[in-house]
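In what follows, a structure is listed as structure tokens, so that the remarks can point back to it.
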Amino acid sequence: MEQNFDLPEIHTPENLVYTKTKVLTDNVMHYCPGCGHGTVHRLIAEVIDEMGIQDQVIGVAPVGCSVLAYNYFDIDMQEAAHGRAPALATGIKRVFPEKFVFTYQGDGDLAAIGTAETIHACNRGENITIIFINNGIYGMTGGQMAPTTLPGMPTSTSPYGRDVKMMGNPLKITELVAMLPGTYFVTRQAVHTPALVRKTKKAIRMAFENQKLNRGVSFVEIVSNCNSGWKLTPVQAIKWLEENMLPFYPLGDLKVNGEMVSK
Numbered sequence: 000m001e002q003n004f005d006l007p008e009i010h011t012p013e014n015l016v017y018t019k020t021k022v023l024t025d026n027v028m029h030y031c032p033g034c035g036h037g038t039v040h041r042l043i044a045e046v047i048d049e050m051g052i053q054d055q056v057i058g059v060a061p062v063g064c065s066v067l068a069y070n071y072f073d074i075d076m077q078e079a080a081h082g083r084a085p086a087l088a089t090g091i092k093r094v095f096p097e098k099f100v101f102t103y104q105g106d107g108d109l110a111a112i113g114t115a116e117t118i119h120a121c122n123r124g125e126n127i128t129i130i131f132i133n134n135g136i137y138g139m140t141g142g143q144m145a146p147t148t149l150p151g152m153p154t155s156t157s158p159y160g161r162d163v164k165m166m167g168n169p170l171k172i173t174e175l176v177a178m179l180p181g182t183y184f185v186t187r188q189a190v191h192t193p194a195l196v197r198k199t200k201k202a203i204r205m206a207f208e209n210q211k212l213n214r215g216v217s218f219v220e221i222v223s224n225c226n227s228g229w230k231l232t233p234v235q236a237i238k239w240l241e242e243n244m245l246p247f248y249p250l251g252d253l254k255v256n257g258e259m260v261s262k
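Take the sequence shown: its position 204, counted from the start at 1, is 203 in numbering that gives the first Met the number 0, and no numbers get skipped.
Spelled out as structure tokens, the structure:
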């Protein structure tokens, strides 16, 4: 008996709603379900695609959850030693000043072992983009306390919560780099709601656009969740982020066009 099959609708530019950008490969991401890394990867790739600069971008990924980022972006990528991404990006940008260069770093990498590289690259005003994922914990290596871990927040190395008297205060490195003369655009965003995803994409686009004009460092922090490190489900982790991370790390622009934003 002859069978009739309904053919799927053929999408045309007039009715196409969404498609995967060609800047992302087809490799399956290794990130934990519910993690913000995958969303941020997509946003970076979409910005590169929309700007038409796929063959002009060089990304730098150091050690951390993003250590395999080169598997997912169909662009030139360079690995860096732990914490050294800004130093490596500096070298790349100076050799190839016409390229768009960005780093993709976690809080343990950028704000702990890489503090010096971060501070000095920002102070020098290197014409690069720094993407900073802050989930308040060492996500890759077992959920240890990071410089960004909140007061009272339990981790595998602070099981009773971060004691500020013993372990010091969390490092708000984004506020710190915003005060340096070499930073041109500094912002803190998030990706756990559709509206915030749109704002983050706009911030990433601005950061890349600034490189065209040799403005200096554009620094985009993205507050994200770490379901595995926080020992929570994705839904629980988003709720915890909203109730705990965002009051301590408020979203918004800190510096625009080289000028501090008054709150």
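Note that beta-carbon positions come from the ideal geometry of N, C-alpha and C, so glycine has one too.
Source: prediction; values computed, not measured.
*List the whole-angstrom C-beta distance separating phenylalanine 207 from valine 185, where the pair is believed to meet the contact cut-off of C-beta under 8 Å.*
Actually they do not touch by this definition, with Cβ atoms about 15 Å apart.
Is glutamate 116 helix, strand or coil when you go by DSSP? In this structure, glutamate 116 counts as helix in the three-state DSSP scheme.
Enumerate, from N- to C-terminal direction, the unbroken alpha helix (DSSP H) stretches of 4 or more residues contained entirely within the region 131 to 195. Counting only runs of 4 or more, we get 163 to 166 and 172 to 177.
- Task: Could you round the C-beta distance between arginine 83 and glycine 63 to whole angstroms and report it? I think they count as a contact, below 8 Å.
- Result: Incorrect: roughly 12 Å between the Cβ atoms, too far for contact.
(message) With H, G and I counted as helix, E and B as strand and the rest as coil, what does DSSP make of isoleucine 47?
(response) If DSSP states are grouped into helix, strand and coil, isoleucine 47 belongs with the helices.
Classify glycine 58 as buried or exposed, calling it buried when 16 or more other Cβ atoms lie within 10 Å of its own Cβ. Buried.
- [ ] Round the Cβ separation of glycine 160 and glycine 215 to the nearest angstrom and send it over; I've been treating them as touching at under 8 Å.
- [x] At roughly 38 Å, the Cβ-Cβ gap does not stay under 8 Å, so glycine 160 and glycine 215 are not in contact.
Roughly how many angstroms lie between the CA atoms of alanine 60 and glutamate 242, to the nearest whole one? Using only the alpha carbons, I get a separation of about 30 Å.
Note to self: One question on the structure: do glutamine 55 and asparagine 126 come within less than 7 Å of each other, judged by their Cβ atoms?
What the structure shows: Not a contact, by the Cβ cut-off of 7 Å.
Practice item. With distances taken Cα to Cα, identify the nearest neighbour of proline 158 among Thr24, Lys230, Val94 and Ile91. Key: Closest by alpha carbon: Lys230.
Taking the C-alpha atoms as reference points, what is the distance between valine 66 and glutamate 45?
Their Cα atoms are separated by approximately 20 Å.
In angstroms, rounded to a whole number, what distance separates the CA positions of phenylalanine 4 and glutamate 49? Residue confidence is low: phenylalanine 4 scores 48 on pLDDT, short of 50, so the model does not pin down where it sits. No coordinate-derived value is stated.
Would you say asparagine 256 touches the ligand SAH, meaning its beta carbon is less than 6 Å from a heavy atom?
-> The ligand SAH is absent from the structure shown, which contains no ligands of any kind.
First and last residue of the uninterrupted alpha helix (DSSP H) at threonine 102: For threonine 102, no alpha helix (DSSP H) encloses it; the enclosing beta strand (DSSP E) starts and ends at 99 to 105.
- Query: If we count Cβ pairs, one from each stretch, closer than 8 Å, do we get three or more for the region 87 to 105 versus the region 170 to 178?
  - Reply: Result no; under three Cβ-Cβ pairs closer than 8 Å.
Helix, strand or coil, according to DSSP, for valine 222 in the structure here?
In the structure shown, valine 222 adopts extended strand secondary structure according to DSSP, grouped into three states.
* Proximity below 7 Å, CB of threonine 128 to CB of glutamine 143 -> The criterion of a C-beta distance shorter than 7 Å is not satisfied by threonine 128 and glutamine 143.
ask   = Expressed to the nearest angstrom, what Euclidean distance is found between the alpha-carbon atoms of glutamate 78 and threonine 140?
value = Roughly 18 Å between the two C-alpha positions.
Exercise for the section: Would you tell me roughly how many angstroms separate the C-alpha atoms of valine 190 and isoleucine 43, rounded to the nearest one? Expected result: Their backbone Cα atoms lie some 12 Å apart in a straight line.
Margin query: Taking the straight line between their C-alpha atoms, what separation do you get for glutamine 53 and alanine 88?
Written below: Rounded to the nearest whole angstrom, the CA to CA distance from glutamine 53 to alanine 88 is 17 Å.
query: Under a three-way DSSP split, which group does threonine 232 fall into?
result: Coil.
**Asked** Nearest CA to the CA of asparagine 26: which residue from Asp73, Arg123 and Tyr17?
**Response** Per the Cα distances, Asp73.
* Asked: Quick one: Cα of leucine 192 to Cα of leucine 179, how far?
  -> The amino acid occupying residue 192 in the given sequence is threonine; leucine does not appear at that position. Per the coordinates, the alpha-carbon of threonine 192 lies some 31 Å from the alpha-carbon of leucine 179.
Using beta-carbon positions only, say whether glycine 228 and isoleucine 118 come within less than 7 Å of one another. No, the Cβ-Cβ distance between glycine 228 and isoleucine 118 is not below 7 Å.
If contacts are defined as beta-carbon pairs under 8 Å, then tyrosine 103 and arginine 187 qualify, I think. What distance do you get, rounded to the angstrom?
Arginine 187 and tyrosine 103 do not touch by the CB rule: their CB atoms are close to 16 Å apart, not below 8 Å.
Alpha carbon of aspartate 108 to alpha carbon of leucine 175, nearest angstrom | Between aspartate 108 and leucine 175, the C-alpha separation is close to 16 Å.
Open item on the list: Given this structure, state the Cα-to-Cα distance separating glycine 151 from asparagine 226, to the nearest angstrom.
Closed with: The straight-line gap from Cα to Cα measures roughly 18 Å.
Quiz item: Which residue comes first and which comes last in the beta strand (DSSP E) that contains valine 59?
Solution: Per DSSP, valine 59 belongs to the beta strand (DSSP E) from 56 to 60.
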